[in-house]
Structures are given as structure tokens and as C-alpha cells.
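In our numbering, the protein residues as written are 1153 to 1349.
This is how it looks when you write it as C-alpha cells:
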């Protein structure tokens, strides 16, 4: 019962062709009592942006710009999370301090030299996030003094895995708060001013 199939006619790939990537639809506007998941980057729907600990800080910065993110997961060859590196890490004092401490040029500083290692990260559990509001996440980020926090889930086969990211900047954007600076305190002050309206 063999069938004959006609070949599909191929066409040339455009010089400037892009490629499809998973997207996560997010509400343009949320309120503080909206479900927290509405402001979470869901890594089951959006590909995480990663970097290796042995990559340069300059490469981390390029990747952040290229992908439009301010946090990279630092992973090993087996895609296990070893920490995070943020735009504040890359653009702040850490690279210069590491260069002085090691006696090398700034361009020789690696992600591992300035990243926040997994041992210093506090994460949120997805089961708690699922029962939380945007206001809970804002309070959590403020209490930690951080712009980002990771969300994890766990199962018997895989163990713990990072499944989401909260960003103060993203939350502020969705709350309709104009972000004028990268300073953590100012971002939270802007958010709190909006919450008080």
C-alpha cells in the first residue's frame, strides 16, 4: 500500500530571516491584587537565557543586550544552575574590584568571578507563588533588597528546577510605573507610590 508523495517546493531563505521563539503572553497591566504568575517570566513557556561560569563578563553583557534581559542563569555543561549574574553585577563595581583583586585586565574577568552563586540565592517555591499576588512579590523583593528572584518547582524525577523569574522592572512596567533608574530602592519607591494611589 505504497503512496506517492509529491515533494514540497522549497524557496530561498531571506537574508534577514529571523526565527520563531517561544513567547509568553503577559497582561499589559496588572494590579497589586492580581495573581503573581501574571508578572512571572514562566520558563516553561519562554527559554531561559543562560551563560557558562567560564564565559567573560563582556560576553554576559553582550548576551543581556542581545536578548533584552537583565539576568542570566549561570549553568554548567549539564545545564545545572550554579548561580545568576545581573546587569547590576556586570555594569557595577564588581568587575573592576575583581580585576584589581586578581591583578588582571577587566576584560579577563569571568562570570564566575562576579556571579551570585547558588549558595547565596534565596528562591520562591512555585506552590507558594501560585497562591500569591503581585503585592506579595513586591514585598518579597523589597525585603530581600533584590531586583530579581527565582521560582522553583520540584518533582520526584527531576528534583528542584528553576521554572520562573520575577523582575522588579517587569513588575513595575506591568503596574504602569515609569522606571527612571536602575536603583533597587528607587524602583520600589516608584512601585509603592503606585500602590498607594
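Even for Gly, the Cβ is constructed at its ideal location relative to N, Cα and C.
Per DSSP, the unbroken alpha helix (DSSP H) holding residue 1287 starts and ends at 1286-1296.
Counting along the chain, residue 1256 sits inside no beta strand (DSSP E), nor does DSSP assign it H or E at all. Restricted to the stretch 1180-1226, the alpha helix (DSSP H) segments that are unbroken, complete and at least 4 residues in length are 1209-1219, listed in chain order. For residue 1279, there is no enclosing beta strand (DSSP E); the residue is found in the alpha helix (DSSP H) stretching over 1278-1281.
By the neighbour-count criterion, in which a residue is buried when 16 or more other Cβ atoms sit within 10 angstroms of its Cβ, residue 1238 is buried. In the three-state scheme derived from DSSP, where H, G and I count as helix and E and B as strand, residue 1174 is classed as coil.
Going by DSSP, residue 1265 is part of the alpha helix (DSSP H) stretching over 1263-1266.
Within the same chain, Cβ atoms closer than 8 angstroms to the Cβ of residue 1219 are found at 1201, the five residues on either side in sequence being excluded.
Here residue 1305 carries a strand assignment [DSSP, helix/strand/coil].
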